[in-house]
Every structure is written in C-alpha cells, then in structure tokens.
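Letter by letter, the sequence shown follows residues 1 to 309 of my numbering.
Quick reminder that beta carbons are idealized off the backbone N, C-alpha and C, glycines included.
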Amino acid sequence: MDEQKINQVIELSREFQKEFETVIADLGEGLWNYCRYLTGSPWDGEDLYQETMLKTMGSLYQRWHVTNLKSYLYRIATNTWIDHCRKEKRIIGTLSEEDIPTADFTDNLDLEEALEQLFYLFTPRQTAVFLLKEIFQFNAAEVASIVRTTPGAVYATTRRMKEKLKDKPERLTSKTKPIESENQVIQTYLKALTHGDVEGLLELFSDQPHYEASLGFLETTKDEIRNGSMQFGLPRHKVEQYILWGRPVIVVLAESKNGLLIHDIQYQEVENGKIVLSRSYFFRKEFIFAASKELGFTPQLNKPPLNWE
1 MDEQKINQVI ELSREFQKEF ETVIADLGEG LWNYCRYLTG SPWDGEDLYQ ETMLKTMGSL
61 YQRWHVTNLK SYLYRIATNT WIDHCRKEKR IIGTLSEEDI PTADFTDNLD LEEALEQLFY
121 LFTPRQTAVF LLKEIFQFNA AEVASIVRTT PGAVYATTRR MKEKLKDKPE RLTSKTKPIE
181 SENQVIQTYL KALTHGDVEG LLELFSDQPH YEASLGFLET TKDEIRNGSM QFGLPRHKVE
241 QYILWGRPVI VVLAESKNGL LIHDIQYQEV ENGKIVLSRS YFFRKEFIFA ASKELGFTPQ
301 LNKPPLNWE
C-alpha cells in the first residue's frame, strides 16, 4: 500500500472539505434545524446533519451538475432519515391526496411552537413534508420531488397536519443546569482538562480510544491523540458539566472581556473504568450556536483555526 499516495489523497480531501464548507455556508443553519426537527432531537439531528454532509461530499463526483444545492442537501437528509426509520421498523407512512375542506388554519397556529411536536404526532414522511413546505419554504413540486410523492399529496398532508396541530398537547420544557458527575473517571477527566494535563487525560482512555471532533478529525490511538490534536497541549479553559437536551456534556468555557464564551462541548462514554469514546463539537458551528442559546452563553466566534465572525 502506497502510504504517500494515501496521505496525498487525505490532504486533497481536506482541501475539498474547506471549499465545500464555503459553498454551503449560507445553508448550514437551516439544514441543521431541519435535521433537528425531522428527527425530534438535537442530538439525532446533529448526527443526521453530519451524515448528510459526508454523503453529499462523497456523492458529488457522481453528478454532472447540481442546479439547486439546497434541494440536493435536503433530499439527502430526508432520504437518509427515512432509510434509518425503515431500519428501525418505524411506520414511514403514505401521503394521500384525499382532500379535506379548505380552511385557514394558520391564524391560531404558532408554527415555531409546533415544531417540537412533529416527531411525536406524525410519521417521518409527513414531518418532512410539513417542514419542507411550511418552514423551509420549498414549493409543493419541490417537496413532492424530495419525498417522492405528488404536489396534491403535499397540499393535502399539510392541511391535515395543521388541523391536528391546532389541538396539540402543551409542550413540556426543561431548563439546563450545571451538574456534578458521580463518575470518578469524568471527575478526573475534568481536572486533567482544567490543568492542561495531557498525559493525565490520556491515561483515562482505553487502549482502543475513539477520539473525534465531529467533521474535524478522528483519532483511534493514544499516539495519534498525543501527536495530533493534543500536540500543542490543552488550552486550560474553565470546564463544567451540564445537562444539554437530556444528555450530560462537558462545556469548555473561554474567558473574555465580555464574560465566558463556549469554546467547545464534549461528550464521553465510559466502560470498565476507561473512556472508550470522546466526541468534541468544536468544529460544529450550528450545533455550538444552538447549544449556546440553550445554555445561556455566547459562543466563541474566533478560536483558531476557526473564525465564525
């Protein structure tokens, strides 16, 4: 195996990713929100967003040209989610053109508030139709093409859904709050991260670690971590644990003249006294922005090598 050739391909793929991110910069926030509400969860939505990005980058070579990049991205996200639901044996649902009496359902319907209920009240295809048509402003023909139905079914489906959403149950909300982990490994990890102790932190990982910065890098040995993402040490920022969207996470906070800013959000899995998976969302702009709003902090916009200003 030609290692030099492989490394050349890796470098070329990194350059391609940077160019791709520039091209889709204006579409990222909308697509992330679509994935979030389609899956009914910010965490599942983030996973779907990442998978959509990887599939899109990996499939562009098959296309002679793309006339509507936004439609192409939403199509991949929709089909990826529906395929996932099929594997999970969920009812995908059919879209009927059977009409109901025309009425104006929007006067008393708060669409933004209704978004949280879509996943629980409707099938995956119905949810996709409503989001695409009512929230992300695709026309009926475009929606029909993405979800593989007819424009008539799109109109009928959205009308029926609006009727049902009028009588939706009250949405429950929960506030995020800092927590103190009862897991000794995580407590030690927090101390190592705070003090910039690279070797102490690596000691907590299993011998087969999965250390990932989503859509940034992936390292699977301690030497890769030591000589890769941690080769220049750790920033020694303030770290706290929070419950974010029902999941315990580590929030890395950078000090600034305007107060604490969210530098990174991390999630770890521990088995048999060792960290087997550590995932960072450092590179994930849409995720960091949504989480910052949920947690009540401002995101750090300029954090080399990234500048989101």
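Between the region 188–195 and the region 235–253, do three or more beta carbon pairs fall short of 8 Å? yes
Identity of the residues DSSP links to PHE217 by a beta bridge: ALA213
Output the residue ranges of the beta strand (DSSP E) runs that lie fully inside the region 223–292 and measure 3 residues or longer, sorted by chain position. 238–244, 247–256, 259–271 and 274–280
Give me, in chain order, the residues of the same chain whose beta-carbon lies closer than 6 Å to that of ASP264; leave out the 5 immediate sequence neighbours on both sides. VAL252, SER280 and PHE282
From VAL270 to ALA213, what does the alpha carbon distance come to, in whole angstroms? 17 Å
Per-residue burial, PHE138 [other beta carbons within 10 Å of its own, 16 or more giving buried]: buried
Please name the residue in ALA291, PHE297 and ASN307 whose C-alpha comes closest to that of PRO43. The question names Pro, yet the displayed sequence has Trp at residue 43. Among ALA291, PHE297 and ASN307, the Cα nearest to that of TRP43 is on ALA291.
For the alpha helix (DSSP H) containing PRO124, list its first residue and its last residue. 124–130
Would you identify the three-state DSSP class for PHE20, choosing helix, strand or coil? helix
If you check the beta carbons only, do GLN266 and ILE243 fall under 8 Å apart? no
Using 8 Å as the cut-off, can you tell me whether the region 120–127 makes contact with the region 54–63, which would need three or more C-beta pairs spanning the two stretches below that distance? no
How is PRO299 classed by DSSP in three states: helix, strand or coil? strand
Per the DSSP calculation, LEU306 is bridged to which residue(s)? LYS303
Less than 8 Å between the C-beta atoms of LEU364 and ALA153, yes or no? No statement about residue 364 is possible, as the shown extent of the chain runs from 1 to 309 and does not include it.
Helix or strand or just coil, what does DSSP make of GLU294? helix
Among all the DSSP beta bridges, which residues are the ones paired with PHE205? ILE275
Residue nearest to LEU38 in terms of C-alpha spacing, selected from GLU88, SER206, PRO151 and ILE82: ILE82
In this structure, how does DSSP classify ILE91 when only helix, strand and coil are distinguished? coil
So which of PHE297, ARG284 and PHE289 has the shortest CA-CA distance to PRO305? ARG284
Please classify TRP308 as buried or exposed, where buried requires at least 16 other C-beta atoms within 10 Å of its C-beta. exposed
Using 8 Å for Cβ pairs, my map puts PHE130 next to MET161. What's the rounded Cβ distance? 5 Å
Are the CB atoms of TYR74 and ILE146 within a distance shorter than 8 Å? yes
Less than 8 Å between the beta carbons of LYS70 and LEU27, yes or no? yes
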